[in-house]
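A.B. asks:
Residue numbers (this note's numbering): 71 to 163.
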């Protein structure tokens with residue numbers, strides 16, 4: 071890795087804000103395990119009723135899955151960012 075940027079409010083005890091960006095020191099080929107991600111602009115507003123996916127390896131409703139390979143995804147409909155319960159999604163688009 072060439073550089074990493076962790077969320078400034080990351081808390082290792084609670085895993086809140088468990089998000090980071092990594093700048094690799096080398097190029098990689100995309101595969102089923104390596105895919106690009108498109109981050110939204112800071113000003114993006116998500117309105118209630120918007121359908122979207124949330125995904126990750128973090129804590130999810132009903133338990134903790136913070137181990138490699140325990141990823142999950144959920145289809146969310148009819149909620150805005152403020153309506154998502156704690157632990158059900160870290161990034162809501």
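Note that CB positions come from ideal geometry on N, CA and C, so glycine has one too.
Mapping the DSSP letters down to three states, classify residue 76 as helix, strand or coil.
C.D. replies: Residue 76: strand per DSSP, three-state reduction.
A.B. asks: So, with DSSP's three-state summary, where would you put residue 114?
C.D. replies: Here residue 114 sits in coil by DSSP.
A.B. asks: Going by the DSSP bridge assignment, what does residue 107 pair with across the sheet?
C.D. replies: In the DSSP output, where bridge partners are listed per residue, residue 107 has none listed.
A.B. asks: Round the Cβ separation of residue 79 and residue 87 to the nearest angstrom and send it over; I've been treating them as touching at under 8 Å.
C.D. replies: Indeed they touch by this definition, with Cβ atoms about 4 Å apart.
A.B. asks: Assuming residue 91 contacts residue 116 under a Cβ cut-off of 8 Å, what Cβ separation, rounded to an integer in Å, is found between them?
C.D. replies: Going by Cβ atoms, the distance from residue 91 to residue 116 rounds to 21 Å, so no, they are not a contact pair.
A.B. asks: Residue 90 bridges to which residues according to DSSP?
C.D. replies: Answer is 76.
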